[in-house]
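Visitor: FYI, UniProt numbering numbers position 177 of the sequence shown as 177, with every residue one higher than the one before it.
Ideal Cβ positions, reconstructed from N, Cα and C, are used throughout, including at glycine.
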Amino acid sequence: MAEAESESETRKKVEVLEGMKRVVRELQVDEGVKRREAACNVRLLCKDDAKARVTLSMVGAIPPLVGMLDLEDFECQIDALYALLNLGIGNDVNKAAIVKAGAVHKMLKIIESPNAANPSVSEAIVANFLGLSALDLNKPIIGSSGAVPFLVNSLKDLDRKNGSQAKQDALRALYNLSISPSNISFILETDLITFLMGLLGDMEVSERVLSILSNVVSTPEGRKAISAIPDAFPILVDVLNWTDSPGCQEKASYILMKRASRILECLRVDKGKQVSENYGGNMGSAVSAPIYGTPSSSSNPNVVSKECLEETEDMMSEEKKAVKQLVQQSLQNNMRRIVKRANLPQDFVPSEHFKSLTSISTSKSQERKKNLRIAVPLIALTQLCSPTRKRSTPSECETADVHRPEVMDIGDGLDLGSIPWSALHHCEITGFSYAS
1 MAEAESESET RKKVEVLEGM KRVVRELQVD EGVKRREAAC NVRLLCKDDA
51 KARVTLSMVG AIPPLVGMLD LEDFECQIDA LYALLNLGIG NDVNKAAIVK
101 AGAVHKMLKI IESPNAANPS VSEAIVANFL GLSALDLNKP IIGSSGAVPF
151 LVNSLKDLDR KNGSQAKQDA LRALYNLSIS PSNISFILET DLITFLMGLL
201 GDMEVSERVL SILSNVVSTP EGRKAISAIP DAFPILVDVL NWTDSPGCQE
251 KASYILMKRA SRILECLRVD KGKQVSENYG GNMGSAVSAP IYGTPSSSSN
301 PNVVSKECLE ETEDMMSEEK KAVKQLVQQS LQNNMRRIVK RANLPQDFVP
351 SEHFKSLTSI STSKSQERKK NLRIAVPLIA LTQLCSPTRK RSTPSECETA
401 DVHRPEVMDI GDGLDLGSIP WSALHHCEIT GFSYAS
């Protein structure tokens, strides 16, 4: 009995394998209809079956599917694109093999053809870029191929056409590509950052937008690009009020802190330079500024000073305003919390009193900490909401055929009202350890 069942299972496996081999052979025939049918079969077989993805790849399904992208028939292209998409679901080997077979460049070639006007073709290509960009090995290849401008343009077009799923796919693909530092320069060559800042407020996409900005701000060029956008910092500070979206709060605070780290470095270099000049320039590297940066930054103060001057020119005033607003907001939240804990009536301290009290407190704090007037509130925020452990940056998952679960690390969010007075007035400046 057991032997009969074993033979039956073996026979079924052989039949399945032979069926897959037959499908691959049909992918290579000249007749367009049969090739389309074969591509549809691959798409269906791979949709929910991880073993089928492995087997079809082993029997050679990927090269003929990539070859179908050269056909002029847009329906053949769409069937091949979704078959490739499903072959790559959760299979890094297949993702790498698809890119190695030249699929990315063939997809970009389709974009330049008349078939690109068909929304179904563009959406299928966007979905493929999302899936393929989830593999770290593919990120620099896709980014340098010219895919970023296409994804940005697709995002804008889809935003006007209200294609919700395709819009999410384009955003996720751009997020995946932004994880690789080598792709930031390609992103900055487009107007994506300005467009993303305009999307903030749309709760459907705001968290993903902030995730992209968090990756962009990890580079000096990215920080400069974000700083150059009018009202960028007041907008980001306003996000900290979104109590119903802790993920957005966390990411906005991270972007502000990354920018503040450069301000702190500039202040450190400037202060050290002043001390050196006061001693006739004889102190050299022995002079230590009150605010400490990273070891690599302090090793060459002249280079850092030049970089800081270039990066902060015409931007400091707006950032100072944003930081001042952040301090006042934190102090107001503390006052409200004190009133609540004391079980006082809600109208015991009106909002006007909050403003006057926080203004006085902020003024006193600035007098005590003249050299740290920008650093103190941001460092307090760092100590309270920035984890010291390095966090991995997960890529977005794919596909267009199956539901895409969220995989982004949201975190615990940010509560500005939790910043204690002692942290604001007596925090120790030790640098930043938040991982980009």
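(1) Suppose you measure from the CA of Ile111 to the CA of Ser122; what does that come to, to the nearest Å?
(2) Only counting runs of 4 or more residues, tell me where the alpha helix (DSSP H) segments fall wholly within the segment 38 to 119, in order along the chain.
(3) Which residue spans inside the segment 211 to 241 form an unbroken alpha helix (DSSP H) run of at least 4?
(4) Pick out whichever of His105, Asn94, Gly88, Glu75 has its Cα sitting closest to the Cα of Pro119.
(5) Take Ser57 and list the residues in its own chain whose beta-carbon comes closer than 8 Å to its own, dropping the five residues that flank it on each side.
(6) So what does DSSP say about Asp169, is it helix, strand or coil?
(7) Beta carbon of Ala103, beta carbon of Leu69: below 8 Å?
(8) Kindly indicate which residue of Glu5, Ser218, Ala228, Ala134 has the alpha-carbon position closest to the one of Leu177.
(9) Under three-state DSSP, which class holds Glu207?
(10) According to DSSP, is Val16 part of a helix, a strand, or is it coil?
(11) With C-beta atoms as the reference, is Ile78 less than 8 Å away from Arg53?
(12) If I follow the unbroken alpha helix (DSSP H) through Leu192, where does it start and stop?
(13) My output table needs one value for Val29: the three-state DSSP class, helix, strand or coil.
(14) Please check the pair Met148 and Ile187, which I expect to be a contact at CB under 8 Å, by giving their CB distance rounded to whole angstroms.
(15) Cutting at 6 Å between CB atoms, please list the residues of its own chain near Ser395, excluding the five before and the five after it.
(16) Helix, strand or coil: how does DSSP classify Asp157 here?
(17) So what does DSSP say about Gly247, is it helix, strand or coil?
(18) Output the distance between the C-alpha atoms of Glu9 and Val16, rounded to the nearest integer angstrom.
(19) For Asn176, name the three-state secondary structure that DSSP assigns.
(20) If you follow the alpha helix (DSSP H) that Leu137 is in, where does it begin and where does it stop?
(21) Could you tell me the boundaries of the alpha helix (DSSP H) in which Ser185 lies?
(22) Helix, strand or coil for Ser133? Go by DSSP, reduced to three states.
(23) Where does Glu7 sit, in a helix, a strand or coil, going by DSSP?
(24) If the criterion is Cβ atoms closer than 8 Å, does the pair Ala173 and Val126 meet it?
(25) In whole angstroms, what separates the C-alpha of Tyr254 from that of Val205?
(26) Drop a sphere of 10 angstroms on the beta-carbon of Asp169, count the other beta-carbons inside from all chains shown, and report buried for 16 or more, exposed for fewer.
(27) Going by beta-carbon coordinates alone, are Val152 and Thr190 separated by less than 8 Å?
(28) Rounding to the nearest angstrom, what Cα-Cα distance links Asn185 and Leu200 in this structure?
(29) Distance check for Lys51 and Pro63, CA to CA, integer angstroms please.
(30) Inspect the beta-carbon positions of Val42 and Ala61 and report whether they are closer than 8 Å.
Guide: According to the structure shown:
(1) Ile111 and Ser122 have their alpha carbons spaced roughly 7 Å apart.
(2) For the segment 38 to 119, whole alpha helix (DSSP H) runs of length 4 or above, ordered along the chain, are 50 to 58, 62 to 67, 74 to 87, 92 to 100, 103 to 111.
(3) 220 to 227, 232 to 239, all fully within the segment 211 to 241.
(4) It is Glu75.
(5) The answer, listed in chain order, is Leu87, Asn91, Val93, Asn94, Ala97.
(6) In the structure shown, Asp169 falls within a helical segment according to DSSP collapsed to helix, strand and coil.
(7) Yes, these two residues count as a Cβ contact at 8 Å.
(8) Closest by C-alpha distance to Leu177, out of Glu5, Ser218, Ala228, Ala134, is Ala134.
(9) The answer is helix: DSSP assigns Glu207 an H, G or I state.
(10) In the structure shown, Val16 sits in a helix (DSSP, three-state: H, G or I).
(11) No, Cβ-Cβ distance for Ile78 and Arg53 is not below 8 Å.
(12) 192 to 199 is the span of the alpha helix (DSSP H), which, as asked, contains Leu192.
(13) Val29: coil per DSSP, three-state reduction.
(14) In the sequence under discussion, the amino acid at residue 148 is Val, which differs from the Met named in the question. Taking the Cβ atoms as the reference, Val148 lies roughly 6 Å from Ile187, within the contact range of under 8 Å.
(15) Shown here for Ser395: same chain residues with a beta carbon closer than 6 Å to its own, the five before and five after excluded, namely Ala134, Asn176 in chain order.
(16) In the structure shown, Asp157 sits in a helix (DSSP, three-state: H, G or I).
(17) Gly247 falls in the helix class under three-state DSSP.
(18) Looking at the two C-alpha atoms, the distance is approximately 11 Å.
(19) Asn176 falls in the helix class under three-state DSSP.
(20) Counting along the chain, no alpha helix (DSSP H) covers Leu137, and no H or E run does either.
(21) That run of the alpha helix (DSSP H) goes 184 to 188.
(22) The three-state secondary structure of Ser133, taken from DSSP, is helix.
(23) In the three-state DSSP reduction, Glu7 falls in the helix class (H, G or I).
(24) Closer than 8 Å, so yes.
(25) Between Tyr254 and Val205, the C-alpha separation is close to 18 Å.
(26) Result: buried.
(27) In contact: Val152 and Thr190 (Cβ atoms closer than 8 Å).
(28) For the sequence presented, residue 185 should be read as Ser rather than Asn. In a straight line, the C-alpha of Ser185 is about 22 Å away from that of Leu200.
(29) When rounded, the separation of the alpha-carbon atoms in Pro63 and Lys51 is 19 Å.
(30) Pairing Val42 with Ala61 gives a Cβ-Cβ distance under 8 Å.
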